[in-house]
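Below: one structure, written as structure tokens.
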Amino acid sequence: MSLIATLARLEAVESGRAQPLATVRHRRLTERPMVFVPLTTAGEAGAPLGALVGTDREEPRLLVVAQPRDRDLRSAFLAELADVLLPYVDGFGDDVELVERKETDAETGKKVTVEVELCADAAQLIVPSRAGAEFVRLLGRSMRFRRTAEQDPDTPYPAPPRVPLLGRWLTHYGERARVPGSSLLLAATDLLNRHWATGQSSLEDQHLGALLAWIDPPDGESGAQAALRAELGRDREGMLLRPPAGPATDPVFDNRRLAPAMERYDRARQLLAAAEDGESADERLGELHRAEREIRRLVADQMRPTWDAVWRALDLVRTLPEGSRVEDRWTRDRWSFTAHRDRVRAGEPPQPRRDDAVTAAQKLAARETAQAQLEAQEALDDPLVLAGRRLSGEAFVSEVIDVEMAWSESKRPSPRPLLTVRTEDHPHLGGRSAKVYRSLDGKPQTAQFVRYEEDGTLVLRVTDRMGRGKDPAEGSVPVKGDRIAWTLFEHDQRGGPKLPDPEETPWTHGGPPAGFAGGTPGSHVAEMPDLVTPEDLL
Amino acid sequence: MDKAALASALGSPGTFGQSQFAFMRGNAFEAKVKADGGKELLRLLGIDDPAGALVPDLAAAGPEGRAARTALALREATAAGAWTLLDHPLLALDVAGSPAYVEPDAVVVGPDGRWTVVEIKSFPMIDASADSSKVGAAARQAAVYVLALERVAAVTDAAQVAPGILLVCPKDFSNLPTASVVDVRKQLSVTRRQLARLTRVEDIAAALPEGVTFDLEACSADELTAAVESVPHAYAPDCLAACELAFHCRDRARQAGAVQTLGRSVRGELGGLTTVGGVLAAARGEAGDPADPAVAALRRAAALRAEALAGTAGVPEAGVCR
């Protein structure tokens, strides 16, 4: 945490309200995001208990598994979830724009320009917390290797159609969420924490209810009081007023409410199975429905406050204007979305359990680039973020006090104007010829640090973006009196060196992956589904 | 001392508890792993043809009795030179001068006299990897068992304790067990050092003011509060995940304006300034020595933050730049 962020937290403690950490919104919020509030069964890996899901805050779709140990009920839940999520995702697949892209021709090895499709917008998934985002990954992993009866008639417990496909999409979203600055899958807590500093620790900030209490406390109450109520407040029967944002449930709720209700449900099912005549069966069926409705009500009551909180969080974050470089990152998200759409349409197998060495290295490199890019872009978009970089000596704001034209000493002299600037900041310029950058019409312009003058002013030599002529293009050279923010970090990030093709993976990294061992390159071996046993709870 | 009950009596109950679903699942899984005389467990240890192990009865009266029974069973098993599974043995460990008893899920004794701690957990190992924080917690827990076992091994002929423990978890999304050997040498040395550094319980008790008691039945809430307040606390946000009294201590730390309520790292960042009021006063130039680098940095941070928030970054103020 930077000192400026710490200061914001301390101010929040003093004022009893969260303080801004950003002056613009640094993440894209689409017009119609899909909010997904999942709950899981304690102790069972990825056994869903219920979910509220939808794009309309007034009408969430309620999905509940009345008995999470029942494989059929769980399958029904996943099928329903696919019914809600897949049409939403598919809805973005066909609205495309055509863009030109340079690609390397496979045969000639030359760079050629090709026209490819890019989805105009992408599906956006919002979950309450980081744990929710992790659960999306887990759900994706649990579904993508399953087989439907159509794919494999002999599969012991066939998955409902489209469930494996949903698994692949959720895996893609879970994976994309690990790329810094991506907005395809966002956690409401992360969104809020990026833009506000509360008067509590970052650990406590993971509690969505407490976080909202600090940012938007009720009238006449301090954030700390409201947050405490959100954390610990219980009604007369001992139930939390603000149930956890999931996916884990409150153990007290599990033990006092859910377990007895499930027991009633199980008993009603046994009785129904043992019914001997039609009349008693009807009666017992009614009992079963009542028991099921009760569980649905209980689970819905646990999720509803979180559902409302997520939408409230979206409202709050939307009040900030979007940063100008967010569009650029969202375009990358759209590329990611389009690429996955293409893989699904091309009938490629699901993502492997483990990435091969080359893919893993590529992902890591891409995330590192994205992280550096995000840090640069946020600083350029937002004076408050820039303030943090100025404090750490990575940027400075200066006023131009003199401009002296000069030219390079080549055959065709190019403009190399010298700027004398004054700054109150303390940039770590290191030795001579350190490079600094400023944003000129959204593009970076480079200058070289020449020297410090005796009065503490700096001399910089502008080295690019002044056109081809002897005289600089209009507006490309700062004039006296301009106030300019310079950064010591680059604005664009270059990718690292190219990695070898998968079939060229060196033995130090495990050699070529199995699909390339002796077969044709490109034909990955499809992975087997997970083992299942009849007694599996999941 | 029942800290949860004490926290409730103080009016700041914690939020600990276990769901019976998780509890049942954990028990069912453990029973499955140990079924059939430990056949499955031996298979997980890498024994190709497990014919089943000896499972001695460890029942005895009282913790001392059970610990003695366990030590005896360990000796016999080591001498017998056959695979032996000790189900829930009880081991004694000296903690701050008083004996504490710990109970691993199981200990397997091999024919070569190696003792291996088995820790059975119900969080899944998905694609051969499990949640690192949970594995870390399991390793720290198991290190304590290894430490306690080493005491017994020291007085047993031809016995040695394996520095790797066997962590058994459900595989992927199934109920099938899978296992992985976790090297706990690092956790062992940490635990050993911490135990050696612990102040003896008698010394802690001696440092308390005369007459302090945490007797829940005999004391009123006010008396309990006063008793707890007489003990110094060192609250940090990580306490919330581990201690029932954390909310109470947090309340006290907040009232005192301690900056570490915002995190341990914050405390380090701010140098000698330890209270919220003190830091803000220094940042605003109302207090503090400008020559102190921490104070100077704070003032710069406050000025930069104010400038950015005021939106004046583009308009130089007269006197600032000229």
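Which chain is which? The protein sequence lines are D and A, in order.
Heads up: the first sequence is residues 625 to 1162, going by our numbering.
Heads up: the second sequence is residues 1391 to 1712, going by our numbering.
C-beta atoms are modelled at their ideal positions from N, C-alpha and C, and glycine is treated no differently.
Cross-chain neighbours of residue i in chain D, by beta carbon under 8 Å
i: A:VAL1423; result: Near A:VAL1423 there are no residues of chain D at all, since even the closest Cβ is about 14 Å away, more than 8 Å.
i: A:GLY1658; result: Here the premise fails: no neighbours, minimum Cβ distance about 11 Å.
i: A:ALA1529; result: What A:ALA1529 touches in chain D: nothing, since even the nearest Cβ is about 20 Å away.
i: A:LEU1630; result: LEU827, GLU828
For residue j and residue i, believed in contact at Cβ under 8 Å, the rounded distance
i: D:GLN824; j: D:ALA851; result: 6 Å
i: A:ALA1626; j: A:THR1603; result: With 8 Å as the limit, A:ALA1626 and A:THR1603 do not qualify as a contact, their Cβ atoms being about 27 Å apart.
i: D:LEU944; j: D:ARG649; result: 4 Å
i: D:GLY674; j: A:ARG1415; result: In fact, because the Cβ distance is near 18 Å, the residues do not count as touching under 8 Å.
i: D:HIS1115; j: D:PRO1068; result: 4 Å
i: A:THR1615; j: A:LEU1396; result: Not quite, the Cβ-Cβ distance comes to about 10 Å (not below 8 Å), so this is no contact.
Neighbour list for residue i in chain D, Cβ cutoff strictly below 7 Å
i: A:THR1568; result: Ordered by position in chain D, no residue passes the 7 Å Cβ test against A:THR1568, which lies about 10 Å from the chain.
i: A:ASP1426; result: Those within 7 Å of A:ASP1426 in chain D number zero; the least Cβ separation is about 15 Å.
i: A:ASP1562; result: ASP1154
i: A:ALA1596; result: In chain order: nothing, as chain D lies at least about 34 Å away.
i: A:LEU1434; result: Chain D residues near A:LEU1434: none, gap ~15 Å exceeds 7 Å.
i: A:ARG1674; result: Within chain D, no residue comes near A:ARG1674; the closest Cβ sits about 10 Å away, beyond 7 Å.
Bridge-paired residues (DSSP) for residue i
i: D:PHE660; result: D:VAL677
i: D:ILE628; result: For D:ILE628, which the question treats as bridged, DSSP gives no partner whatsoever.
i: A:SER1488; result: A:VAL1485
i: D:ASP1026; result: D:THR1044
i: A:LEU1476; result: A:VAL1497
i: A:GLU1509; result: A:LEU1557
i: D:LEU864; result: D:ARG858
i: D:VAL736; result: D:GLU727
i: D:GLU946; result: D:ARG649
i: D:CYS743; result: D:VAL720
i: D:LYS1067; result: D:LEU1064
Proximity to residue i [Cα-Cα], best of the options
i: D:THR962; options: D:GLU1128, D:LEU634, D:MET886, D:LEU808; result: D:LEU808
i: D:SER753; options: D:TRP931, D:ALA700, D:PHE877; result: D:TRP931
i: A:ASP1426; options: A:ALA1518, A:MET1414, A:THR1474; result: A:THR1474
i: D:ASP680; options: D:TRP935, D:PRO973, D:ASP966; result: D:TRP935
i: D:MET658; options: D:HIS650, D:GLU946, D:VAL648, D:LEU676; result: D:LEU676
i: A:VAL1580; options: A:VAL1536, A:ALA1611, A:ASN1417; result: A:VAL1536
i: D:MET1029; options: D:ASP925, D:LYS1094, D:LEU710; result: D:LYS1094
i: D:GLU1018; options: D:ASP1049, D:ASP1026, D:ARG1036; result: D:ASP1049
i: D:PRO711; options: D:LEU789, D:ALA730, D:VAL751; result: D:LEU789
i: D:ALA933; options: D:GLN1069, D:GLU1114, D:ALA899, D:LEU832; result: D:LEU832
i: D:ARG1040; options: D:LEU1015, D:PHE1073, D:HIS1052; result: D:PHE1073
i: D:GLN1117; options: D:ALA747, D:PRO842, D:GLU999; result: D:GLU999
i: A:GLN1584; options: A:ALA1486, A:GLU1613, A:VAL1591; result: A:ALA1486
i: A:HIS1478; options: A:ASP1484, A:GLY1503, A:ALA1470, A:VAL1445; result: A:VAL1445
i: A:LEU1619; options: A:ILE1437, A:LEU1630, A:ARG1640; result: Checking the sequence, you will find Glu at residue 1619 of chain A rather than Leu. Of A:ILE1437, A:LEU1630, A:ARG1640, the residue nearest in Cα terms is A:ARG1640.
Under 9 Å by beta carbon: chain A residues contacting residue i
i: D:SER826; result: PRO1627, LEU1652, GLY1653
Chain D residues whose Cβ lies nearer than 9 Å to that of residue i
i: A:ILE1516; result: ALA669, GLY670, LEU762, ARG765, SER766, ARG977
i: A:GLY1416; result: GLY667
i: A:ALA1691; result: SER626, LEU627, ILE628, THR630, LEU631, ALA1011, GLY1012, LEU1015
i: A:LEU1670; result: LEU631, LEU634, GLU635, VAL637, GLU638
i: A:ALA1687; result: LEU627, LEU1015
Interface partners of residue i on chain A, CB under 8 Å
i: D:THR647; result: ALA1698, LEU1699, GLY1701
i: D:ALA1097; result: The premise fails here: D:ALA1097 is roughly 23 Å from chain A at the closest Cβ pair, so nothing lies under 8 Å.
i: D:THR873; result: SER1409
i: D:PRO644; result: LEU1699
i: D:GLU683; result: The premise fails here: D:GLU683 is roughly 30 Å from chain A at the closest Cβ pair, so nothing lies under 8 Å.
i: D:ALA848; result: ARG1644
i: D:LEU856; result: SER1402, PRO1403, THR1405, PHE1637
Heavy atom of the ligand ZN within 6 Å of residue i beta-carbon
i: A:GLY1701; result: With respect to the ligand ZN, the structure shown offers nothing to examine, as it has no ligands at all.
Listed by chain order, chain A residues near residue i by CB distance under 7 Å
i: D:ASN879; result: SER1409, GLN1410
i: D:VAL876; result: GLY1407
Problem - Sufficient close CB pairs (3 or more, under 8 Å) joining the region 705 to 724 of chain D to the region 627 to 638 of chain D - result: no
Practice task
Mind the definition here: the region 1508 to 1526 of chain A touches the region 1490 to 1498 of chain A only if three or more C-beta pairs lie below 8 Å; say whether that holds.
Solution key: yes
Exercise for the section: Spell out a yes or no on whether the region 1552 to 1572 of chain A and the region 1587 to 1595 of chain A are touching, meaning 3 or more CB-CB pairs, one atom from each, closer than 8 Å. Expected result: no
Exercise for the section: Please confirm if the region 1068 to 1087 of chain D is in contact with the region 1039 to 1049 of chain D, defined as three or more CB-CB distances below 8 Å between the two stretches. Expected result: yes
Handout entry: Inter-stretch contact (C-beta, 8 Å, three-pair minimum) for the region 823 to 843 of chain D and the region 1644 to 1657 of chain A
Key = yes
Problem - Three CB pairs or more closer than 8 Å across the region 1452 to 1471 of chain A and the region 1414 to 1433 of chain A - result: no
Handout entry: Meets three-Cβ-pair contact criterion under 8 Å: the region 1536 to 1555 of chain A and the region 1458 to 1470 of chain A
Key = yes
Practice task
Mind the definition here: the region 1686 to 1698 of chain A touches the region 1003 to 1016 of chain D only if three or more C-beta pairs lie below 8 Å; say whether that holds.
Solution key: yes
Exercise for the section: Please confirm if the region 911 to 920 of chain D is in contact with the region 885 to 896 of chain D, defined as three or more CB-CB distances below 8 Å between the two stretches. Expected result: yes
Exercise for the section: Could you tell me whether the region 803 to 817 of chain D touches the region 740 to 755 of chain D, where touching means 3 or more Cβ pairs closer than 8 Å? Expected result: yes
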